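A.B. asks: Got a structure for you, written out below as structure tokens; questions coming shortly.
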Amino acid sequence: MKKFLALALFGLTAVAPMTATSAVAQSVAAEQTITFAVDNMTCALCPITVKRAMEGVAGVRTVEIDFEARTATVIYDSAATSADAIAAASANAGYPARVAG
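Below is the structure:
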């Protein structure tokens, strides 16, 4: 910031390569929401295991589990991960998941 101020005093201008606003816009553009049907959830601890497995995938922002519906709704960065990677993490924890619908 001091460099930009000093340059401005001499009549020069500088432009930052990426503003915080454009970084947020790119992040939101890559954000996806997907719902998975999750098999093998039979007890109160199962959703915790599924949630932890899915949250362990880089790029996953949030995971909401609906135990009664046997689903997991995930918000993730599609530039960092994929639905297949999230489903695989759940399957590796013992709870096969597939995209619902």
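In mature numbering (1 follows the signal peptide of the UniProt record, and there is no 0), the protein residues as written are -20 to -1, 1 to 81. All residues carry an ideal CB built from backbone N, CA and C; glycine is no exception. Here the structure is a predicted model, which means the values were calculated and not measured.
(1) Just the C-alpha distance for Ile55 and Ser70, rounded to the nearest angstrom, thanks.
(2) Thinking Val40 and Thr61 are a contact (beta carbons under 8 Å), I'd like their distance in whole angstroms, please.
(3) Identify, in the order they occur along the chain, each residue of the same chain with its Cβ nearer than 8 Å to the Cβ of Phe(-11), setting aside the five sequence neighbours on each side.
(4) Any beta carbon from chain C within less than 8 Å of Cys23's own beta carbon?
(5) Thinking C-beta only, is Thr51 closer than 8 Å to Ala17?
(6) According to the neighbour-count rule (16 or more other Cβ atoms, all chains shown, within 10 Å of its Cβ), is Ile45 buried or exposed?
(7) Between the beta-carbon of residue 153 and the beta-carbon of Ala65, is there less than 8 Å?
(8) Would you kindly work out how many angstroms separate the C-alpha atoms of Asn72 and Cys26, rounded to a whole number?
C.D. replies: On the basis of the data shown:
(1) As a working mapping, residue 55 is identified with position 75 in the sequence shown. As a working mapping, residue 70 is identified with position 90 in the sequence shown. Rounded to whole angstroms, Ile55 and Ser70 show a C-alpha spacing of 15 Å.
(2) Position 60 of the sequence shown holds residue 40. Position 81 of the sequence shown holds residue 61. Separation of the CB atoms of Val40 and Thr61 is rounded to 7 Å, and the pair is thereby assigned contact status at 8 Å.
(3) Taking the sequence shown and counting its residues from 1, the one referred to as residue -11 is at position 10. Legend: pLDDT at Phe(-11) = 49, less than 50; position of this residue unreliable, no value from coordinates given.
(4) The chain labelled as chain C is not found in the depicted structure, where only one protein chain is given.
(5) For the purposes of this step, residue 17 is taken as the residue at position 37 of the sequence shown. For the purposes of this step, residue 51 is taken as the residue at position 71 of the sequence shown. Cβ distance < 8 Å, so Ala17 and Thr51 count as in contact.
(6) Taking the sequence shown and counting its residues from 1, the one referred to as residue 45 is at position 65. Label assigned to Ile45: buried.
(7) Only positions -20 to 81 of the chain appear in the structure, and residue 153 is not among them; the question remains open.
(8) What you label residue 72 is simply residue 92 of the sequence shown in a count that begins at 1. What you label residue 26 is simply residue 46 of the sequence shown in a count that begins at 1. A direct Cα-to-Cα measurement between Asn72 and Cys26 gives close to 13 Å.
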